Amino acid sequence: MQPPYNYPHQQPPGHRGSGLALALIAIGLILMIIAVVLAYLEYVNAAPLVRYLGSNTSINGVLNLIGYVTYKSVFIVIIAWVGSMIMARGVQTYAGQGH
């Protein structure tokens with residue numbers, strides 16, 4: 271014989287984990303918004319790029335610029351990627367519950 275669903279602190283199968291799914295969606299969305307804000311701030315504050323090139327465009331200045339842009343881009347892309355994975359897992363969990 272199955273015990274009732276409120277024993278001990280159980281929920282019906284349709285509502286199990288919906289809070290976790292919504293929390294995952296919220297965390298993923300927040301991480302993606304942070305990535306967009308960081309990308310916008312890098313776009314607005316493009317003045318440091320002149321520091322890498324200087325007055326003469328030598329190969330060293332260009333390589334420093336490429337390294338700087340790559341470092342910043344990879345950081346922002348990783349944040350957005352992790353946010354999208356977390357959000358996708360939350361949507362998958364929420365949809366798997368029949369909502």
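Sequential numbering from 271 applies to the sequence shown in my numbering. Note that beta-carbon positions come from the ideal geometry of N, C-alpha and C, so glycine has one too. Bear in mind the structure is a predicted one, so any value in this text is a computation, not a measurement.
Bounding residues of the alpha helix (DSSP H) (the contiguous stretch that carries Ser343): Ile329 to Gly366
Rounded to whole angstroms, how far is the Cβ of Leu301 from the Cβ of Ile356, which I believe are closer than 8 Å? That belief holds up - the Cβ atoms of Leu301 and Ile356 are roughly 7 Å apart, short of 8 Å.
In angstroms, rounded to a whole number, what distance separates the CA positions of Ala350 and Ile329? For Ala350 and Ile329, the distance between alpha carbons rounds to 31 Å.
Using only alpha-carbon positions, find the residue among Ser288, Ala296, Ala309 and Leu299 that is nearest to Val347. Check the Cα spacing between Val347 and each of Ser288, Ala296, Ala309 and Leu299: the tightest is with Ala309.
Minimum C-alpha distance to Glu312 - residue among Ala365, Val352, Gly298 and Val344: Nearest C-alpha to Glu312: Val344.
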